[in-house]
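Some notes on the structure that comes next.
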Amino acid sequence: MNKPLYSIRMRARRQGQHLSGAERLSSLEEVEQLAADMVQRALHHARGRAESIELTIEQISAAEVERRPLPDLHTWLVGDYRQGRLAAAEILRRAGVAQGVIDGALSQIAGGAAPGAQTMRGAMLVDADSGQRLEPDQARGVRVSRMDLTEQARQQLDSELNRLGLNNTHVREALVLAAKVLSAPEIVAELCWSDDPDYTAGYVASVAQGYVRFPHLKPLGEERGGRAFFVRTEGSSLEGLIDYLQNRPILFDRIGRLHSARHWETYP
Ligand code: WAQ
Ligand code: MG
Numbered sequence: 001m002n003k004p005l006y007s008i009r010m011r012a013r014r015q016g017q018h019l020s021g022a023e024r025l026s027s028l029e030e031v032e033q034l035a036a037d038m039v040q041r042a043l044h045h046a047r048g049r050a051e052s053i054e055l056t057i058e059q060i061s062a063a064e065v066e067r068r069p070l071p072d073l074h075t076w077l078v079g080d081y082r083q084g085r086l087a088a089a090e091i092l093r094r095a096g097v098a099q100g101v102i103d104g105a106l107s108q109i110a111g112g113a114a115p116g117a118q119t120m121r122g123a124m125l126v127d128a129d130s131g132q133r134l135e136p137d138q139a140r141g142v143r144v145s146r147m148d149l150t151e152q153a154r155q156q157l158d159s160e161l162n163r164l165g166l167n168n169t170h171v172r173e174a175l176v177l178a179a180k181v182l183s184a185p186e187i188v189a190e191l192c193w194s195d196d197p198d199y200t201a202g203y204v205a206s207v208a209q210g211y212v213r214f215p216h217l218k219p220l221g222e223e224r225g226g227r228a229f230f231v232r233t234e235g236s237s238l239e240g241l242i243d244y245l246q247n248r249p250i251l252f253d254r255i256g257r258l259h260s261a262r263h264w265e266t267y268p
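In our numbering, the protein residues as written are 1 to 268.
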């Protein structure tokens, strides 16, 4: 219980551009295997082989680590990405993001939110009322890190996701990332879809509605993806939020409810 943990982060690049990243918390016993898994992943990515890989491994004292539960998971079946984006917009509206801000974030992610219409390496921070971009570096964005599941929660999540036919790396990692994002009080909601051309699903996460996924938020073959964290920071510091998302270690030790997929037409 009081043994130190290790934060492992991987960043891979290809042709001068971000290719892939990963972040885990690990026990001493697992560090080497997890690092090897990350290297393998960077060398066998859907968008090509990494040309440079950066691994950062840092010890964290166990006393620093906070424990929390995962959000509930919902899947709403949509016919295509257009319907998916309309549905995602509805969930964001219910979470309290202004309509114009939703439209702006959808089109920024779709077009590449980094300068030069590139995909960002991390997430944009978007003011939920004004739509203003708040992240200091619009190419890097904010990289959420230092979060993972306990071994017991991982086993429970594996078996529940298997039951739903959803046990893939994208879902497991995105659920944990969203859980950490939602744990910050300034966060109103998150919108995400992958930059992997063969993975079309995405999600909206909010505290009240949980992790709400859609099988299509982009067309198959599209390489642009990204994340927007919608925030209200009045009365708190932006630097504090960014530091929390990047550095505060959190282990998720309980899973939420995982609901079977339903058709968007039946959404209440
Ligand atoms: N922190 C902030 N932003 C990140 C991070 C991070 N640690 N990792 C990735 N991003 C941003 C970055 O802009 C990527 O281009 C974008 O998110 C997508 O990253 O339920 O696989 O790792 O079926 O490709 C969501 C749906 C899958 C899962 C998301 O994201 C489901 C996915 P990817
Ligand atoms: Mg990716």
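Don't be surprised by glycine CBs; every beta carbon is placed ideally from N, CA and C.
For Ser159, the enclosing alpha helix (DSSP H) starts and ends at 151-163.
Environment of the ligand MG, chain-ordered: Ser20, Ser194, Asp195, Asp196, taking every residue with Cβ within less than 6 Å of a heavy atom.
Met38: member of the alpha helix (DSSP H) spanning 31-43, first to last residue. Under the criterion of beta carbons closer than 8 Å, Leu182 and Pro71 qualify as touching, at roughly 6 Å. The beta carbon of His216 lies closer than 6 Å to those of Val78, Asp80, Tyr81, Gly84, Thr200 in the same chain, with the five residues before and after it left out. In the displayed model, Asp129 falls within coil according to three-state DSSP, outside both helix and strand. The beta carbon of Ala63 lies closer than 8 Å to those of Asn2 in the same chain, with the five residues before and after it left out.
At least one heavy atom of the ligand WAQ lies closer than 7 Å to the C-beta of Glu23.
For Tyr199, the shortest separation between its Cβ and any heavy atom of the ligand WAQ lies below 7 Å. Taking the Cβ atoms as the reference, Val144 lies roughly 13 Å from Ala228, outside the contact range of under 8 Å. Excluding the 5 residues flanking it on each side, Met38 has same chain C-beta neighbours closer than 6 Å at Met10, Ala22, in chain order. At a threshold of 7 Å, Ser107 does not count as near the ligand WAQ, since its beta carbon sits no closer than that to any of the ligand's heavy atoms. For His170, the enclosing alpha helix (DSSP H) covers residues 169-182.
For the pair of segments examined, the segment 133-142 was found not to touch the segment 153-172: the number of CB pairs separated by less than 8 Å stays below three. If you draw a straight line from the Cα of Asp148 to the Cα of Arg94, it comes to about 28 Å.
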